[in-house]
Amino acid sequence: MAFFFQELVNGVTNGALYALVALGFSMVYGVLKLLNFAHGDLYMVGAFIGYFVIQWFGGPTALTIPVPLLLLIMFILAAGVVGGLGVAIERFAYRPLRDAPRIAPLITAIGVSFFLENAALLLFGAQYRVYNTADFISLSSGIQIGSVTIDSVQIMVLVLGLVLMVGLRELVNRTKLGKQMRAVAADREAAEMLGINVNRTIAATFFLGSALAGVAGVMAGLLFNQVNNTIGFTAGLFAFTAAVVGGIGSLPGAMLGGLLIGLAQSFVTGYISSTYTNLLVFALLIVVMLVRPSGLLGRAQLQKV
Amino acid sequence: MSLDSQPPPAGPQVGADEWVARQAHRREHLPSWLGVAQVRLERIGWWPRLAIAGLAGSMLPLIGLGGFQLQVGIDALILAMLAVGLNVVVGWAGLLDLGYVAFFGFGAYGFALLSSSQVGIHLSAPASLPVVMVGAAILGLLVGLPSRRLIGDYLAIVTLFFGEAFVEFTNNVAPGTLGGPNGIVGIDPISAFGKQITANTGYYYLLVILLVASMAVLRLLDTSRTGRAWRAVREDPLAAASMTIPVNRVKLMAFAFGAMVAALAGSVFAAQQISVFPTDFDTPYLILIYAGLILGGVGSIAGAVTGALVVTVIYDGLLRSPTDSGYLFYGLILLTLVVKLRPWRRLGAVLAATAALGFAAHAIVGAISASAVAGGPQSTGWIADVLRDWVIVPANPQVPGNYGFVLLVCLLIALVQIKGRWRTILLVPTIYLASFVWETRLVIEPAITRQLMIGAILIVMMIARPQGLLGTRRVEPPT
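First to last, the sequence lines map onto chains A and B. The opening residue of the first sequence carries number 0 in numbering that gives the first Met the number 0; numbering runs sequentially from there. The opening residue of the second sequence carries number 0 in numbering that gives the first Met the number 0; numbering runs sequentially from there.
Structure follows, in structure tokens:
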């Protein structure tokens with residue numbers, strides 16, 4: 000039973016991570032109806048930024064600044080830079096195609112993803128960069144319940160993930176920007192007629208979504224320790240699955256989907272075999288899509304004639 | 000030389016507004032006598048043109064295409080077949096299939112299992128090819144089934160995951176039969192009626208024949224009832240359904256036909272390569288197929304083939320040797336400038352300023368620190384001699400090259416955003432920086448450069464010319 004709970008904890012932690020990536024993905028889909036395939040690669044960029052922040056401040060064993068400050072810098076820098084990158088991508092690649100046939104931005108998004116992945120390969124090489132989290136954060140200082148351990152990084156990921164999700168929910172539901180985002184998602188033209196600056200709202204959405212992916216990338220670096228240019232694709236697929244399973248465009252759905260995918264991954268790895276993890280997660284997605292195309296919490300769209 | 004170009008439309012066409020169709024037709028033809036020649040050529044009809052193209056293609060080995068070039072030709076033909084098949088699904092039926100490469104893989108693995116010592120079956124090609132193709136068609140129907148309920152993006156998702164699942168499946172399931180990451184090796188060559196094709200020349204001819212045959216079949220299909228039904232479903236499924244078109248069956252047929260062509264290409268690929276590995280059928284190859292189709296023009300057979308040939312020649316042929324890739328890179332820059340910069344004075348000014356900037360920068364940096372220019376261009380051939388005193392290449396070029404790359408991407412984005420005189424001025428440092436990045440980084444890493452190029456092709460084509468080189472622009476009703 001202890002094994003079960005340990006897998007449960009791991010699954011929830013990974014789920015929080017996927018949920019963060021899925022949230023950004025789902026937000027972008029909400030306002031632009033665009034499957035942003037480049038989202039996973041933004042996560043990869045975030046992970047690399049975290050790695051280089053550690054290196055700038057002396058490397059994992061000889062840090063020149065206190066660990067909380069380091070983490071703060073990592074998260075803020077990753078969120079800012081990746082958010083900016085997301086806005087730039089939107090401005091450069093997606094905005095000219097806003098009224099193009101639906102297939103055009105999708106293919107552009109694939110191109111952007113491919114470009115980012117290979118640009119990272121050019122800049123950083125193919126080898127894995129290692130965070131060495133254990134050297135500067137004591138993993139044993141977590142919570143021990145019976146034989147189940149929740150280490151400190153997992154606690155941090157869970158707490159930060161929860162804070163960000165609640166924050167995002169409040170932002171979307173309570174603030175003026177959130178209202179504008181919902182309006183643009185509902186009907187872009189009508190929103191524009193009501194005086195909402197659609198371009199700025201979409202850019203803000205991209206910034207928020209990408210920043211979440213950047214933060215998730217740093218978390219992934221701390222949690223899984225390894226970074227290279229291909230992690231974005233896999234994580235992107237998982238987040239994609241999470242967003243779709245929960246109901247694409249729905250923010251609670253993205254969180255639920257992330258949690259489900261994290262749990263599924265963790266239990267399949269723990270109880271069956273790690274070779275089949277990806278296969279089963281993908282199969283899960285296909286089944287959910289077939290049974291309930293609009294996802295668990297999504298609403299079926301009525302087709303207007 | 001578009002296979003799909005038609006005489007000036009007399010009435011409204013499916014998929015194109017009348018006015019737009021006329022406008023596009025007018026614009027499609029070159030001015031003066033070139034346009035006249037083009038119209039004459041179009042009057043010939045599609046099948047003589049296809050025959051001429053096929054004959055011209057099969058001449059190539061006779062005039063001295065051999066060795067490595069022949070391999071590039073085979074890769075190009077395989078990609079062309081895949082692009083033509085993908086065009087059925089994406090171009091005609093308008094179903095975004097992101098798992099298409101899995102059918103290619105299915106064909107390759109199917110042929111490998113039926114004609115190798117892996118499971119001990121050695122069928123000859125006339126027996127195994129139909130089995131593989133029918134199998135692929137059935138798989139296509141299965142994958143297409145979600146298209147009954149899912150539209151647009153959702154279908155793209157499901158098919159993408161189907162493609163990923165195929166790679167995972169071949170990698171992990173039944174390693175005894177499928178070989179896992181080690182794939183299947185020792186595949187029989189294609190053999191029929193007691194003869195075996197072992198030489199690459201033979202595969203080249205076989206592929207030319209298969210490509211021409213599939214183009215002809217698909218062309219006939221396109222103008223048939225089914226082809227019209229595909230386009231009707233693409234434009235508006237609801238309207239098509241109300242015209243008694245069996246929408247679901249028509250969609251499934253598109254999937255099945257696309258899958259069959261892909262499986263055929265996959266079988267030949269497996270036989271020619273003698274081995275198949277799961278990584279051959281991963282996302283990068285899917286993106287390559289899409290790049291070919293997009294470059295040529297979605298919805299046009301000739302476009303798909305042209306695009307695939309161009310993409311392969313860039314990807315496989317030119318970017319392999321530093322001299323050839325130098326021609327490609329600098330040629331492309333010059334061509335873009337000549338086409339896009341008017342009047343000639345402006346073009347001359349930009350080129351002169353770029354040259355002056357380079358020599359000045361090289362002289363200044365060289366005077367400050369000798370090691371900063373010690374590297375010399377990484378290109379080879381006469382390009383390197385020309386550039387030696389122009390482009391700065393430090394003795395240790397990697398890190399500056401990386402920063403240059405990031406800066407270059409930023410500059411390119413800025414270049415697209417700003418307008419007017421500043422754009423022309425910014426062009427000068429951008430060209431110089433591009434050359435710097437090329438000489439310090441890109442030319443050394445051809446494997447990465449070509450991937451970057453494919454990504455860039457997808458982005459740039461979609462923004463600048465979504466209809467591709469040979470396609471026609473479509474007007475979509477606002478959703």
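In this text, a Cβ means the ideal position worked out from N, Cα and C, and glycines have one as well.
Exercise for the section: Determine which residues share a DSSP beta bridge with B:Ala274 and list them. Expected result: Sequence inspection shows Ser at residue 274 of chain B; the Ala mentioned does not correspond to that position. B:Val184, per the DSSP bridge assignment.
Exercise for the section: Give, in chain order, every residue of the segment 168-181 of chain B whose Cβ lies closer than 7 Å to some Cβ of chain A. Expected result: Phe168 and Asn171
Problem - chain B contact residues for A:Thr107, given Cβ-Cβ distances below 8 Å - result: Leu457, Ile458, Met461 and Ile462
Handout entry: Interfacial residues, the segment 406-428 of chain B to chain A, with Cβ spacing under 9 Å
Key = From the segment 406-428 of chain B, only Val408, Cys409, Leu411, Ile412, Val415 and Gln416 have a Cβ closer than 9 Å to chain A.
Exercise for the section: Taking 8 Å as the cut-off, decide whether the C-beta atoms of B:Ile447 and A:Leu120 are in contact. Expected result: yes
Problem - Neighbouring residues, chain A, relative to B:Tyr153 (Cβ below 7 Å) - result: Met288 and Pro292
Problem - A:Ala61 (DSSP reduced to helix, strand or coil) - result: coil
Practice task
Could you spell out where the beta strand (DSSP E) holding B:Ile43 opens and where it closes?
Solution key: Here B:Ile43 belongs to no beta strand (DSSP E), and DSSP marks it neither H nor E.
Handout entry: Cβ of A:Val27 within 8 Å of any chain B Cβ
Key = It does not: the Cβ of A:Val27 has no partner Cβ on chain B nearer than 8 Å.
Practice task
Look at the alpha carbon of B:Leu350 and the alpha carbon of B:Val427, and state the distance between them as a whole number of angstroms.
Solution key: One alpha carbon belongs to B:Leu350, the other to B:Val427, and they sit about 8 Å apart.
Exercise for the section: With a cut-off of 8 Å on the beta carbons, I'd call A:Met254 and A:Leu68 a contact; round off their distance for me. Expected result: That pair is no contact at about 29 Å.
Exercise for the section: Please classify B:Ser378: does DSSP put it in a helix, a strand, or coil? Expected result: In the structure shown, B:Ser378 falls within a coil segment according to DSSP collapsed to helix, strand and coil.
Problem - Per-residue burial, A:Val243 [other beta carbons within 10 Å of its own, 16 or more giving buried] - result: buried
Practice task
Name, going along the chain, the residues of the segment 428-454 of chain B whose beta-carbon falls closer than 7 Å to a beta-carbon of chain A.
Solution key: Going along the segment 428-454 of chain B in chain order, one finds Arg440, Glu444, Ile447, Gln450, Leu451, Ile453 and Gly454 with a Cβ nearer than 7 Å to chain A.
Exercise for the section: Could you check if A:Leu138 is buried or exposed, using at least 16 other CB atoms within 10 Å of its CB as the buried criterion? Expected result: exposed
Exercise for the section: Reducing DSSP to helix, strand and coil, say where B:Thr423 ends up. Expected result: helix
Handout entry: Ordered list of alpha helix (DSSP H) runs contained in the segment 120-144 of chain A, each at least 4 residues
Key = 132-135
Practice task
Report yes if the C-beta distance between B:Val83 and B:Asp96 is below 8 Å; otherwise report no.
Solution key: Cβ atoms of B:Val83 and B:Asp96: not closer than 8 Å.
Practice task
Pick helix, strand or coil for A:Thr200, following the three-state DSSP scheme.
Solution key: In the three-state reduction of the DSSP assignment, A:Thr200 falls in the helix class.
Problem - DSSP bridge partner residues for A:Gln305 (one or two, in chain order) - result: As shown, chain A starts at 0 and ends at 304. That puts residue 305 of chain A outside it, with no answer to give.
Handout entry: Span separating the alpha-carbon of B:Ala92 from that of B:Lys250
Key = 7 Å
Handout entry: Rounded separation between B:Ser1 and B:Pro445 - CA only
Key = No answer about B:Ser1 holds up, because its pLDDT of 43 lies below 50 and its placement is not dependable.
Handout entry: For A:Ala133 and B:Gly106, the rounded distance between their alpha carbons
Key = Approximately 47 Å, taken between the alpha carbons.
Practice task
Tell me where the alpha helix (DSSP H) around A:Val152 begins and ends.
Solution key: Ser151 to Arg173
Exercise for the section: Would you decide whether B:Phe67 is buried or exposed? Buried here means 16 or more other CB atoms lie within 10 Å of its CB. Expected result: exposed
Handout entry: B:Ile186 vs B:Leu205 beta-carbon contact at 8 Å
Key = no
Exercise for the section: Quick one: list the residues of chain B neighbouring A:Val243, beta-carbon separation under 7 Å, in chain order. Expected result: Ile156
Handout entry: Under 7 Å from the C-beta of B:Ala164: neighbouring residues of chain A
Key = Leu278, Phe281 and Ala282
Exercise for the section: Starting from A:Phe266, find everything on chain C with Cβ-Cβ shorter than 7 Å and list it in chain order. Expected result: Note that chain C does not occur in the displayed structure, where the protein chains are A and B.
Practice task
Report the option in B:Val338, B:Ser299, B:Ala455 and B:Pro376 whose CA atom is closest to the CA atom of B:Thr439.
Solution key: The shortest C-alpha separation from B:Thr439 is found at B:Pro376.
Exercise for the section: Verify whether the separation of the beta carbon atoms of A:Val217 and A:Ala18 is less than 8 Å. Expected result: With respect to the 8 Å criterion, A:Val217 and A:Ala18 are not classified as neighbours on the basis of their beta carbons.
Problem - is_contact[B:Tyr108, chain A] using C-beta, thresh 8 Å - result: no
Handout entry: Residues near A:Gly257 in its chain [Cβ-Cβ closer than 6 Å; skip 5 each side]
Key = Gly14, Tyr17, Ala18, Ala21 and Ala241
Exercise for the section: Within the segment 247-289 of chain A, note down every full beta strand (DSSP E) run reaching 3 residues or more, in order along the chain. Expected result: none
Handout entry: Residue environment, B:Leu334, which counts as buried when at least 16 other CB atoms sit within 10 Å
Key = exposed
Handout entry: chain B contact for A:Phe114 (CB, 8 Å cutoff)
Key = yes
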